[in-house]
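S.K.:
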Ligand SMILES: [Zn+2]
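Residue numbers (our numbering): 10 to 309.
Okay, here's the thing in structure tokens:
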């Protein structure tokens, strides 16, 4: 998607414009940016996504916090007295690092709708952190592998294990690269990277490892149990745990996205009259927003 702005075009989370606004470093927001040289993004995103080119500023274009993962921002554009906001992915409720989306009033809103279905109602992040922490502690005679996306979610879980269990987990090399950027921007994460001497020491005793989602399966845990001669449990940490069953011993609905009520609240607070969506289907959200306008009793 591209937005014309003061005689230039700004590509949203894609290439093919005079400038590219990159909301955050997840791969599905980096399409076709190979030849782009002019980026609007946070410094954190620039590093996490290894953008190349140059970070630029455009007069009248502002970046505000989006929550979600380190460096995630929303784009606010003001032109001829009208304001447009593009959200990228957002999370409203603060995570363990205190990251949360800001809300800017606007006329036109282009927003994410990944979980724009009333079925999705995420528990409070800190409730999930504590149930994950409790599960890891209760199973302290087993090795544990936790499946999570390696950018953003893995770092959140490292911190949860540090704070709730005093455990420094073992992470993959990919997750480690992201951890290093988090630390560069002041977020302390106590972990060790698989293959290092430190990790090998840790893995002589009972350990907790964070692995890519594709490895968070019972057969993978069974292989580890054989290799390390210790019972091994597997869990996943993902918002999709609300909807799908996973081949795991436990599933924690930890999401870095806004849920349906959050999106509804967010859209209402912006006051936008013109709302469009990317990612997913926003029709349920529009219906709910309209019913709130028609029936003020629903406005809480
Ligand atoms: Zn994302």
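Ideal placement from N, C-alpha and C gives every residue a C-beta, glycine not left out.
(1) Below 7 angstroms CB to CB, which residues in the same chain sit around residue 158 once its five sequence neighbours on both sides are set aside?
(2) What would DSSP say about residue 191, mapped onto helix, strand or coil?
(3) Going straight from the alpha carbon of residue 238 to that of residue 153, what length do you get?
(4) Does the pairing of the stretch 108-122 with the stretch 172-185 give three or more beta-carbon distances under 8 angstroms?
(5) Using only Cβ atoms and a threshold of 5 angstroms, which residues come within that distance of a heavy atom of ligand 1? Order them by chain position.
(6) What are the complete beta strand (DSSP E) segments, minimum 3 residues, inside the stretch 89-139?
(7) In whole angstroms, what is the alpha-carbon distance linking residue 241 and residue 21?
(8) Within a Cβ cutoff of 6 angstroms, which residues of the same chain sit near residue 18, ignoring the five residues on either side of it in sequence?
(9) Pull up the distance between the alpha-carbon of residue 293 and that of residue 259, whole angstroms please.
(10) Identify which residue in 133, 202 and 140 has its Cα closest to the Cα of residue 172.
(11) Out of 88, 269 and 42, state which residue places its alpha-carbon closest to the alpha-carbon of residue 127.
(12) Within 10 angstroms of the Cβ of residue 138, are there 16 or more other Cβ atoms? Answer buried if so, exposed if not.
(13) Is the stretch 109-117 touching the stretch 57-64, taking contact as three or more C-beta pairs under 8 angstroms?
(14) So is residue 307 buried or exposed if we call it buried at 16+ other beta carbons inside 10 Å?
(15) Quick check: what's the CA-CA separation for residue 210 versus residue 129?
(16) Where does residue 40 sit, in a helix, a strand or coil, going by DSSP?
(17) How about residue 261 and residue 244: do their beta carbons lie closer than 8 angstroms?
(18) Would you grab the beta carbon distance between residue 76 and residue 101 for me? Rounded to a whole angstrom, and I think it's under 8 angstroms.
(19) Take residue 103 as the anchor and find which of 64, 93 and 78 has the nearest alpha-carbon.
(20) Just to check my reading of the structure: residue 54 and residue 70 have Cβ atoms closer than 8 angstroms, yes? What is that Cβ distance to the nearest angstrom?
(21) Would you mind reading off the limits of the beta strand (DSSP E) that contains residue 286?
M.R.: Here's the rundown:
(1) Working through the chain shown from its first residue, we reach residue 158 at position 149. Only 222 meet the Cβ criterion.
(2) Taking the first residue of the chain shown as 1, we reach residue 191 at position 182. Of the three classes helix, strand and coil, the one that applies to residue 191 here is helix, per DSSP.
(3) The count along the chain shown starts at 1 and reaches residue 238 at position 229. The count along the chain shown starts at 1 and reaches residue 153 at position 144. Their backbone Cα atoms lie some 13 angstroms apart in a straight line.
(4) no
(5) 35 and 98
(6) 91-95 and 117-121
(7) Here the question's residue 241 lines up with position 232 in the chain shown. Here the question's residue 21 lines up with position 12 in the chain shown. If you take the alpha carbons of residue 241 and residue 21, they lie about 43 angstroms apart.
(8) Taking the first residue of the chain shown as 1, we reach residue 18 at position 9. Only 11, 26 and 27 meet the Cβ criterion.
(9) The residue you call residue 293 lines up with position 284 of the chain shown. The residue you call residue 259 lines up with position 250 of the chain shown. Using only the alpha carbons, I get a separation of about 30 angstroms.
(10) Within the chain shown, the letter at position 163 stands for residue 172. Minimum Cα distance to residue 172 is reached at 140.
(11) Residue mapping note: residue 127 aligns to position 118 of the chain shown, counting from 1. The candidate whose alpha carbon is nearest that of residue 127 is 269.
(12) As a first step, residue 138 must be located in the chain shown, where it is residue number 129. Buried: at least 16 other Cβ atoms inside 10 Å.
(13) no
(14) Residue mapping note: residue 307 aligns to position 298 of the chain shown, counting from 1. Residue confidence is low: residue 307 scores 46 on pLDDT, short of 50, so the model does not pin down where it sits. No coordinate-derived value is stated.
(15) The residue given as residue 210 occupies position 201 in the chain shown. The residue given as residue 129 occupies position 120 in the chain shown. Their backbone Cα atoms lie some 41 angstroms apart in a straight line.
(16) If you number the chain shown from 1, residue 40 lands on position 31. Reduced to three states, the DSSP call for residue 40 is strand.
(17) Residue mapping note: residue 261 aligns to position 252 of the chain shown, counting from 1. Residue mapping note: residue 244 aligns to position 235 of the chain shown, counting from 1. Yes; because the gap between Cβ atoms is below 8 angstroms, this pair is in contact.
(18) Taking the chain shown and counting its residues from 1, the one referred to as residue 76 is at position 67. Taking the chain shown and counting its residues from 1, the one referred to as residue 101 is at position 92. Sure, about 6 angstroms apart at Cβ, within 8 angstroms.
(19) Within the chain shown, numbered from 1, the residue matching residue 103 stands at position 94. Out of 64, 93 and 78, 78 has the C-alpha closest to the C-alpha of residue 103.
(20) Within the chain shown, numbered from 1, the residue matching residue 54 stands at position 45. Within the chain shown, numbered from 1, the residue matching residue 70 stands at position 61. In fact, because the Cβ distance is near 15 angstroms, the residues do not count as touching under 8 angstroms.
(21) As a working note, residue 286 is residue 277 in the chain shown. Unbroken beta strand (DSSP E) run through residue 286: 283-287.
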